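In my numbering, the protein residues as written are 35 to 108.
A virtual CB, placed ideally from N, CA and C, is assigned to each residue, including glycine.
Here the structure is a predicted model, which means the values were calculated and not measured.
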């Protein structure tokens, strides 16, 4: 199980969710994607994307203005 880090800090909607979706498609099942984003809408968009793709959201954290999502590719 490999881990990929995706830094999307500073990008505005819809770029964080679009880039997260593209990165997830490139990962083999079981790999982990850690996404950092500063756009407040990512708190809604990325969990919805994960539900739609069937992947698994392991965690979501807020530190200051940065949201961090840990996603496992299904």
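query: Nearest to residue 70 by CA position, among 60, 96, 84, 63, is which residue?; result: 96
query: I think residue 76 touches residue 90, with their Cβ atoms under 8 angstroms apart; what is that distance to the nearest whole Å?; result: 17 angstroms between Cβ atoms; not a contact.
query: Which runs of the alpha helix (DSSP H) spanning at least 4 residues fall entirely within the region 56 to 96, listed in chain order?; result: 76 to 87
query: Go ahead and label residue 78 buried or exposed: buried means 16 or more other beta carbons lie within 10 angstroms of its beta carbon, across all protein chains shown.; result: exposed
query: Please classify residue 73 as buried or exposed, where buried requires at least 16 other C-beta atoms within 10 Å of its C-beta.; result: buried
query: Is it true that the CB of residue 104 sits closer than 7 angstroms to the CB of residue 51?; result: no
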